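In our numbering, the protein residues as written are 194 to 298.
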């Protein structure tokens with residue numbers, strides 16, 4: 194059986210395409226492995242960041258409680274200052290009244 198030019202050319206191009214596909218598949222396998230490794234690394238980093246986020250959330254909750262406590266302490270100190278200012282004003286009035294009595298006598 195004698196092959197004509199078209200058959201030889203077709204066979205050549207078919208072999209060439211098969212070689213390209215084989216090379217492309219091995220390249221894709223290599224790229225696929227690299228991507229799998231990258232995904233594994235990213236997942237590990239993601240888990241680490243989730244842990245850090247949970248730690249920060251816990252600390253944030255504790256800080257909210259602490260801020261509320263400090264607000265209560267500030268309010269108590271503010272009330273104490275107001276009471277002391279009232280006592281001071283009363284004391285000043287008493288001193289003035291005492292000075293007036295001492296001047297009269």
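Cβ atoms here follow ideal geometry from the backbone N, Cα and C, with glycine treated the same way.
Computed from a predicted structure; not experimentally measured.
- Shown here, residue 197 sits in coil according to DSSP, grouped into three states, outside any helix or strand.
- A direct Cα-to-Cα measurement between residue 212 and residue 224 gives close to 18 Å.
- CA-to-CA, the gap between residue 263 and residue 257 works out to about 10 Å.
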